[in-house]
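Structure record follows, encoded as C-alpha coordinates.
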Amino acid sequence: MAVLKYEEIAEFLRARIAAGEIAPGATIPSGRELAEQWDVSRATAIKAVDVLRNDGVVVAKQGTGFVVTETPVARPAGARRAGSARILGGMPFLRVGEPDWAEPPARVAAALGLPPGTTALRRVRVLQLPDGSPNSCVEAWFPPEVAEVSPRLADTHPIAEGTTRYIRRQTGRAPAEGVDVTTVRGASETEAERLGVPQGAPVAVLLHTAYDEQGKPLVCEEGVTPSSLFEQVDTYAM
1 MAVLKYEEIA EFLRARIAAG EIAPGATIPS GRELAEQWDV SRATAIKAVD VLRNDGVVVA
61 KQGTGFVVTE TPVARPAGAR RAGSARILGG MPFLRVGEPD WAEPPARVAA ALGLPPGTTA
121 LRRVRVLQLP DGSPNSCVEA WFPPEVAEVS PRLADTHPIA EGTTRYIRRQ TGRAPAEGVD
181 VTTVRGASET EAERLGVPQG APVAVLLHTA YDEQGKPLVC EEGVTPSSLF EQVDTYAM
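Set out below in C-alpha coordinates:
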(Lines of atoms letter the chains of each structure in order from A and count residues from 1; the text may use other names and numbers.)
(Lines give C-alpha, C1' and ligand atoms only; values in the text may rest on other atoms or scores of the structure.)
Protein backbone atom coordinates (compact mmCIF):
# COMPACT_ATOMS: atom_id res chain seq x y z
CA MET A 1 0.00 0.00 0.00
CA ALA A 2 1.38 3.39 -1.00
CA VAL A 3 2.28 5.73 1.85
CA LEU A 4 0.53 9.09 1.63
CA LYS A 5 2.70 12.20 1.76
CA TYR A 6 1.39 13.42 5.11
CA GLU A 7 2.06 9.96 6.59
CA GLU A 8 5.60 10.07 5.22
CA ILE A 9 6.18 13.48 6.83
CA ALA A 10 4.72 12.31 10.14
CA GLU A 11 6.92 9.20 10.09
CA PHE A 12 10.00 11.33 9.36
CA LEU A 13 9.24 13.51 12.37
CA ARG A 14 8.60 10.43 14.52
CA ALA A 15 12.00 9.05 13.59
CA ARG A 16 13.72 12.31 14.55
CA ILE A 17 11.88 12.41 17.86
CA ALA A 18 12.65 8.74 18.55
CA ALA A 19 16.34 9.35 17.82
CA GLY A 20 16.43 12.28 20.23
CA GLU A 21 17.06 14.83 17.49
CA ILE A 22 13.95 16.70 18.66
CA ALA A 23 13.94 16.48 22.44
CA PRO A 24 10.92 16.56 24.79
CA GLY A 25 9.78 20.18 25.10
CA ALA A 26 11.43 21.19 21.83
CA THR A 27 9.43 22.75 19.00
CA ILE A 28 8.89 20.78 15.81
CA PRO A 29 9.03 22.53 12.41
CA SER A 30 5.97 24.66 11.68
CA GLY A 31 3.42 23.84 9.00
CA ARG A 32 4.95 26.49 6.76
CA GLU A 33 8.46 25.10 7.23
CA LEU A 34 7.31 21.55 6.56
CA ALA A 35 5.40 22.65 3.46
CA GLU A 36 8.53 24.32 2.07
CA GLN A 37 10.86 21.48 3.06
CA TRP A 38 8.68 18.76 1.54
CA ASP A 39 7.23 20.82 -1.33
CA VAL A 40 3.65 20.14 -0.25
CA SER A 41 0.65 22.28 0.58
CA ARG A 42 0.19 23.78 4.04
CA ALA A 43 -2.88 21.57 4.43
CA THR A 44 -0.80 18.43 3.89
CA ALA A 45 1.84 19.61 6.35
CA ILE A 46 -0.79 20.42 8.97
CA LYS A 47 -2.35 16.99 8.48
CA ALA A 48 1.03 15.41 9.24
CA VAL A 49 1.27 17.36 12.49
CA ASP A 50 -2.30 16.35 13.35
CA VAL A 51 -1.27 12.70 13.12
CA LEU A 52 1.42 13.28 15.75
CA ARG A 53 -0.94 15.29 17.93
CA ASN A 54 -3.62 12.59 17.81
CA ASP A 55 -1.04 10.05 18.95
CA GLY A 56 0.05 12.24 21.85
CA VAL A 57 3.56 12.73 20.47
CA VAL A 58 3.27 16.54 20.28
CA VAL A 59 1.09 19.11 22.02
CA ALA A 60 0.15 22.67 21.11
CA LYS A 61 1.93 25.43 23.04
CA GLN A 62 0.54 28.95 22.78
CA GLY A 63 2.89 31.33 21.04
CA THR A 64 5.29 28.54 20.13
CA GLY A 65 3.58 26.01 17.91
CA PHE A 66 3.78 22.30 18.56
CA VAL A 67 6.31 20.83 20.97
CA VAL A 68 7.30 17.25 21.73
CA THR A 69 5.33 16.16 24.77
CA GLU A 70 7.17 15.96 28.07
CA THR A 71 4.40 13.84 29.60
CA PRO A 72 3.84 10.82 27.35
CA VAL A 73 0.46 9.13 27.56
CA ALA A 74 -0.54 5.49 27.31
CA ARG A 75 -3.87 3.78 26.88
CA PRO A 76 -5.40 1.09 29.06
CA ALA A 77 -5.26 -2.45 27.72
CA GLY A 78 -7.68 -3.32 24.94
CA ALA A 79 -10.13 -1.44 22.72
CA ARG A 80 -7.46 -0.72 20.09
CA ARG A 81 -9.81 -0.43 17.15
CA ALA A 82 -8.41 0.56 13.77
CA GLY A 83 -8.21 4.31 13.36
CA SER A 84 -8.42 5.07 17.08
CA ALA A 85 -6.02 7.77 18.27
CA ARG A 86 -3.65 7.12 21.14
CA ILE A 87 -4.49 10.49 22.70
CA LEU A 88 -8.14 9.41 23.05
CA GLY A 89 -8.37 7.55 26.33
CA GLY A 90 -4.67 8.10 26.93
CA MET A 91 -3.47 8.86 30.45
CA PRO A 92 -0.19 9.87 32.07
CA PHE A 93 1.60 6.80 33.34
CA LEU A 94 4.47 5.57 35.47
CA ARG A 95 6.84 2.82 34.39
CA VAL A 96 7.11 0.16 37.10
CA GLY A 97 10.62 -1.20 37.52
CA GLU A 98 12.64 -2.12 34.45
CA PRO A 99 11.52 -4.25 31.53
CA ASP A 100 12.57 -7.84 32.17
CA TRP A 101 12.44 -11.32 30.70
CA ALA A 102 10.17 -13.64 32.65
CA GLU A 103 7.85 -16.59 32.19
CA PRO A 104 4.37 -15.15 31.58
CA PRO A 105 1.19 -16.33 33.30
CA ALA A 106 -0.38 -19.40 31.71
CA ARG A 107 -3.14 -17.58 29.82
CA VAL A 108 -0.71 -14.96 28.50
CA ALA A 109 1.64 -17.72 27.33
CA ALA A 110 -1.29 -19.44 25.64
CA ALA A 111 -2.31 -16.22 23.87
CA LEU A 112 1.26 -15.74 22.64
CA GLY A 113 1.59 -19.39 21.62
CA LEU A 114 4.60 -19.93 23.87
CA PRO A 115 5.56 -23.41 25.12
CA PRO A 116 5.80 -23.87 28.91
CA GLY A 117 9.02 -22.46 30.34
CA THR A 118 9.52 -19.93 27.53
CA THR A 119 10.24 -16.37 28.63
CA ALA A 120 8.92 -13.15 27.11
CA LEU A 121 9.80 -9.49 27.59
CA ARG A 122 7.59 -7.76 30.16
CA ARG A 123 6.93 -4.03 30.45
CA VAL A 124 4.75 -2.77 33.32
CA ARG A 125 3.01 0.60 33.54
CA VAL A 126 0.51 2.17 35.93
CA LEU A 127 -1.93 4.61 34.35
CA GLN A 128 -2.83 7.61 36.47
CA LEU A 129 -5.96 9.66 37.05
CA PRO A 130 -5.73 13.48 36.95
CA ASP A 131 -4.99 13.58 40.69
CA GLY A 132 -2.07 11.17 40.28
CA SER A 133 -3.80 8.16 41.84
CA PRO A 134 -3.65 4.79 40.04
CA ASN A 135 -6.33 3.96 37.48
CA SER A 136 -5.05 0.62 36.22
CA CYS A 137 -1.87 -1.39 35.94
CA VAL A 138 -0.88 -3.05 32.68
CA GLU A 139 1.66 -5.79 32.06
CA ALA A 140 2.63 -5.96 28.39
CA TRP A 141 4.29 -9.18 27.23
CA PHE A 142 6.23 -9.33 23.96
CA PRO A 143 7.18 -12.67 22.35
CA PRO A 144 10.90 -13.30 21.75
CA GLU A 145 10.71 -12.85 17.97
CA VAL A 146 9.37 -9.32 18.50
CA ALA A 147 11.43 -8.27 21.52
CA GLU A 148 14.76 -9.51 20.19
CA VAL A 149 14.62 -7.24 17.14
CA SER A 150 13.10 -4.28 19.01
CA PRO A 151 15.80 -3.30 21.54
CA ARG A 152 14.06 -0.16 22.80
CA LEU A 153 11.34 -2.32 24.33
CA ALA A 154 13.92 -3.22 26.97
CA ASP A 155 14.53 0.46 27.78
CA THR A 156 12.83 2.14 30.73
CA HIS A 157 12.28 5.39 28.80
CA PRO A 158 8.92 5.98 27.07
CA ILE A 159 8.81 5.25 23.35
CA ALA A 160 7.58 8.51 21.85
CA GLU A 161 5.88 7.00 18.83
CA GLY A 162 4.30 4.23 20.90
CA THR A 163 5.21 0.56 20.93
CA THR A 164 2.86 -0.33 18.06
CA ARG A 165 4.53 1.99 15.56
CA TYR A 166 7.99 1.17 16.91
CA ILE A 167 7.42 -2.55 16.45
CA ARG A 168 6.11 -1.95 12.93
CA ARG A 169 9.26 0.04 12.18
CA GLN A 170 11.50 -2.74 13.50
CA THR A 171 9.66 -5.80 12.21
CA GLY A 172 7.47 -4.65 9.33
CA ARG A 173 4.53 -6.22 11.17
CA ALA A 174 1.42 -4.33 12.27
CA PRO A 175 -1.72 -5.30 14.19
CA ALA A 176 -4.53 -6.60 12.01
CA GLU A 177 -6.76 -8.16 14.67
CA GLY A 178 -7.25 -7.71 18.40
CA VAL A 179 -8.87 -10.09 20.86
CA ASP A 180 -10.05 -8.76 24.24
CA VAL A 181 -11.21 -11.03 27.06
CA THR A 182 -12.56 -9.45 30.27
CA THR A 183 -12.85 -11.35 33.55
CA VAL A 184 -13.33 -10.42 37.21
CA ARG A 185 -11.32 -11.67 40.20
CA GLY A 186 -9.54 -10.54 43.36
CA ALA A 187 -6.39 -8.42 43.20
CA SER A 188 -3.11 -10.22 43.82
CA GLU A 189 -0.66 -8.88 46.38
CA THR A 190 1.43 -7.21 43.67
CA GLU A 191 -1.59 -5.73 41.91
CA ALA A 192 -3.02 -4.44 45.19
CA GLU A 193 0.26 -2.67 45.94
CA ARG A 194 0.38 -1.06 42.49
CA LEU A 195 -3.26 0.05 42.61
CA GLY A 196 -3.46 1.09 46.24
CA VAL A 197 -6.31 -1.30 47.07
CA PRO A 198 -6.58 -4.15 49.61
CA GLN A 199 -5.36 -7.56 48.50
CA GLY A 200 -8.32 -9.54 47.19
CA ALA A 201 -10.30 -6.40 46.28
CA PRO A 202 -12.46 -6.97 43.18
CA VAL A 203 -10.75 -5.99 39.94
CA ALA A 204 -11.62 -6.25 36.25
CA VAL A 205 -8.93 -7.94 34.18
CA LEU A 206 -8.76 -7.28 30.45
CA LEU A 207 -6.52 -9.58 28.43
CA HIS A 208 -5.72 -7.97 25.07
CA THR A 209 -3.80 -9.76 22.33
CA ALA A 210 -2.80 -8.11 19.04
CA TYR A 211 -2.19 -10.28 15.98
CA ASP A 212 -0.60 -9.43 12.63
CA GLU A 213 -2.00 -10.28 9.20
CA GLN A 214 -0.60 -13.82 9.43
CA GLY A 215 -2.34 -14.38 12.75
CA LYS A 216 0.91 -14.26 14.72
CA PRO A 217 0.84 -12.47 18.09
CA LEU A 218 2.70 -9.19 18.50
CA VAL A 219 1.90 -8.48 22.15
CA CYS A 220 -0.38 -9.61 24.95
CA GLU A 221 -1.41 -7.09 27.61
CA GLU A 222 -3.09 -7.82 30.92
CA GLY A 223 -4.77 -4.70 32.30
CA VAL A 224 -6.06 -4.73 35.87
CA THR A 225 -8.51 -2.05 37.05
CA PRO A 226 -10.28 -1.68 40.42
CA SER A 227 -13.99 -2.45 40.07
CA SER A 228 -14.91 1.06 41.24
CA LEU A 229 -13.06 2.55 38.25
CA PHE A 230 -13.88 0.02 35.55
CA GLU A 231 -16.48 0.83 32.91
CA GLN A 232 -17.01 -0.81 29.55
CA VAL A 233 -19.19 0.80 26.90
CA ASP A 234 -20.08 -0.93 23.62
CA THR A 235 -21.94 0.75 20.77
CA TYR A 236 -23.47 -1.45 18.10
CA ALA A 237 -26.20 -1.51 15.47
CA MET A 238 -29.57 -3.13 16.23
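Heads up: the sequence shown is residues 1 to 238, going by the UniProt record's numbering. Glycine is no exception: its CB is placed at the ideal position from the N, C-alpha and C atoms.
Rounded distance between the beta-carbons of residue j and residue i, thought under 8 Å
i           : j    : result
residue 287 : V126 : Any question about residue 287 goes unanswered here, given that the chain covers just 1 to 238.
E7          : V51  : 7 Å
E222        : V138 : 7 Å
Opening and closing residue of the alpha helix (DSSP H) in which residue i lies
i    : result
T190 : E189 to L195
A110 : A106 to L112
Buried or exposed (CB count within 10 angstroms, at least 16 for buried), residue i
i    : result
R86  : Because the pLDDT of R86 is 45, which lies under 50, any placement of that residue in the model is unreliable, and the question is left without a value.
V184 : exposed
L114 : buried
R32  : exposed
V49  : buried
R14  : buried
E36  : exposed
P99  : buried
Beta strand (DSSP E) segment containing residue i, residue limits
i    : result
G178 : E177 to G186
G223 : P217 to P226
R95  : M91 to R95
E139 : P134 to F142
A100 : In the sequence as displayed, the identity of residue 100 is Asp instead of Ala. Start and end: D100 to A102.
Other residues of its chain near residue i: CB distance less than 8 Å, five sequence neighbours each side excluded
i    : result
Y166 : A18, S150, R152, L153 and I159
P217 : A111, L112, G113, P143, T209, A210 and Y211
Residues near residue i in its chain [Cβ-Cβ closer than 6 Å; skip 5 each side]
i   : result
P29 : none
Residues near residue i by beta carbon distance below 7 Å, same chain, minus five either side
i    : result
V179 : T209
Going along the chain, which unbroken runs of the alpha helix (DSSP H) with 4 or more residues stay wholly within the UniProt domain "HTH gntR-type" (3-71)? 5-18, 31-38 and 42-54
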